[in-house]
Amino acid sequence: MVKILLTGGAGYIGSHTYLALVQAGFDVVIFDNFSNAKEDVPLRLQDLCGHTVDVVKGDVLDRRDIADVFNAHDIDGVVHFAAKKAVGESVEQPLDYIHTNVGGLLNLLAAMDDAGVRRIVFSSSATVYGDTDVQPIPEDHPRAYTSPYAYTKIAGEQILEQLSDDWAVGILRYFNPVGAHQSAMIGEDAEDIPNNLMPYIAKVATGQLEELSVFGDDYATPDGTGVRDYIHVEDLADGHVLSMKSLLETNQSHTVNLGTGEGSSVLDVVGAYAEACGQDLKYKIAPRRDGDVAVLTARPDKAKQELGFEAKRSLSDMCKSSWAWVSGQRRNVK
Ligand code: UD1
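Using this note's numbering, read the sequence shown as starting at 136 and increasing by one per residue.
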C-alpha cells in the first residue's frame, strides 16, 4: 500500500484530505503539533474511516521529530499542510511566519531527502498572485507578495522549484476553501471572532455573533461587494489526491490553481447561507478592509487538463455543509 505522510494532517484542510486519501486507498500517517487542531480530530477520523488512525505528535521545526517519522514509517510521498495561515497575524509576527513556514519546509525537505522520499504536494495559496486586475487568474501570472504570509508561500514555491529532477512537486494554489465534511464530524474550528467570511457568517447563524460587517459595497462588482472563488473543502481534498496520484504515476511536477472558476460576492454568500440555515442573517455595510481586492477568481483549466480536477460542489453545498457542522448535525456516512 502506498504510504503518505500528512504534515498538519489534523487541521481543517489536512483532516479532509486524510479522509479523501484513505478513501482512494492510500495508507496515511498524520504528523501534527496540534497548535491549531483539536486533540480529538484523530478520534473523529477513526470513527469515520473505521480503522485506527496513525498519528505522530511532532513539529516541523524539530528536525529530530521529522526524521523519526521517516525512520518509523516507509513513506512514499508527503502532503505538507503544517504552516501558519493568518494574513493579519503574519504582519504582526513576520519572523515567526517565515521561521515556521519556510524553516519548517526546509526541515521537511532535508528529512525527505535523507529518506529518499522525493514526492511532495505543497499547500500554496492564491495570495501568491498579489493584487491584480487579471481575473480569472492563470498560473503563469507573475507572483507578488502583499503580506509576510504571502511571502512565505512564494518562498516555499521558489524553494521547491530549485529541487533537482529526481523530485516531483505538486504546488496547489488554493482559492477560498470553505464548508465541511458531509458527515459534519469534521470541519473548521474557527477563532472566537473569525477573520474569514464563511466562519463569521456561521457564527451569526448560530447566534454567537450579532451581525456580519460587509467590508465595502462600492467595489466594481455586480452588487458592489467583494467577489471570491469559494471552493468546497471536500473538492479541495480531492485535488490533493489527484495531485499525489499524478506525482506517483508520472514523476512530473505541476503547479495548479484549485478553485471553481466561479465568483461569488459577499452578499451571494450571505444569501446562500441564509437559505442553508433557514433564517435571515443580520449584516451591515462597513468600510472596505485594508488589503482587500475587488475580485479574486481562479482559472481552473490547468488543474483539469493536468490532473483531471474539477470542483463539483456548489455554493449551496458549501453553506449547507458548514451549517450542518456548526449546528452539530452529525451524520454517519460510513
Ligand atoms: C483570505 C486571505 C487569503 C487566504 C484566505 C483563506 C487576506 C487578505 N487574504 O482571503 O490569503 O488564503 O483568506 O480563506 O486575509 N468579508 C466581509 N466581512 C467579513 C469577512 C470577510 O465582508 O467579516 C469579505 C472580504 O472583504 C472579502 C470576502 O468577504 O471580499 C472574503 O474574505 P475572506 O473570507 O477573509 O477571504 P479573503 O480575504 O479572500
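Every residue gets a Cβ at the ideal spot worked out from N, C-alpha and C, and that includes glycine.
- A residue is called buried when at least 16 other Cβ atoms come within 10 angstroms of its Cβ; K219 meets this threshold and is buried.
- The three-state secondary structure of I210, taken from DSSP, is coil.
- At a cut-off of 3 residues, the continuous stretches assigned as beta strand (DSSP E) that sit fully inside the stretch 259-315 are 303-309 and 311-313.
- Relative to the non-hydrogen atoms of the ligand UD1, the Cβ of G193 never comes closer than 7 Å to any of them.
- At a cut-off of 7 Å, the beta-carbon of D427 counts as near the ligand UD1: some heavy atom of the ligand is closer than that.
- In the same chain as N168, and ignoring 5 residues on each side of it, the C-beta atoms closer than 6 Å to its own belong to D194, in chain order.
- Relative to the ligand UD1, even the nearest heavy atom lies 7 Å or more away from the CB of V368.
- Taking the C-beta atoms as reference points, D301 is found no nearer than 8 Å to R254.
- Taking a contact as a CB-CB distance under 8 Å, the pair L180 and V188 counts as one, their CB atoms being some 5 Å apart.
- In terms of Cα proximity to G374, the closest of D415, N467, G443 and V157 is G443.
- Contact annotation: the stretch 397-414 touches the stretch 451-458, with at least three C-beta pairs closer than 8 Å.
- Remark: the C-beta of S259 is outside contact range of the ligand UD1, defined as less than 7 Å to any heavy atom.
- In the three-state reduction of the DSSP assignment, S381 falls in the helix class, which pools H, G and I.
- When the Cα atoms are used, F310 and V263 turn out to be separated by approximately 10 Å.
- C-alpha of G149 to C-alpha of K417: approximately 32 Å in a straight line.
- Beta-carbon to beta-carbon, L243 and I201 are separated by about 6 Å, close enough to satisfy the 8 Å threshold.
- Residue burial annotation: N236 is buried, with at least 16 other C-beta atoms found within 10 angstroms of its C-beta.
- Residue side-chain check: V226 keeps its Cβ at 7 Å or more from all non-hydrogen atoms of the ligand UD1.
- In this chain, the beta strand (DSSP E) harbouring H367 covers Y365 to H367.
- DSSP places I201 in the helix class (H, G or I) of the three-state scheme.
- In the three-state reduction of the DSSP assignment, S399 falls in the strand class.
- C-alpha of K288 to C-alpha of S260: approximately 7 Å in a straight line.
- Between the ligand UD1 and V391, a heavy atom-to-CB distance of less than 7 Å is absent.
- As for any alpha helix (DSSP H) of minimum length 4 sitting wholly inside the stretch 136-210, the runs are 147-158, 176-184 and 198-207, ordered along the chain.
- Between the C-alpha atoms of Y354 and A429 there is a straight-line separation of about 6 Å.
- In this structure, the straight-line span from the alpha carbon of V368 to that of V405 is close to 18 Å.
- DSSP places V362 in the strand class (E or B) of the three-state scheme.
- In the DSSP annotation of this structure, Y232 is not part of any beta strand (DSSP E); the continuous alpha helix (DSSP H) holding it starts and ends at P229 to I233.
- In this structure, the ligand UD1 has no non-hydrogen atom nearer than 7 Å to the beta-carbon of F444.
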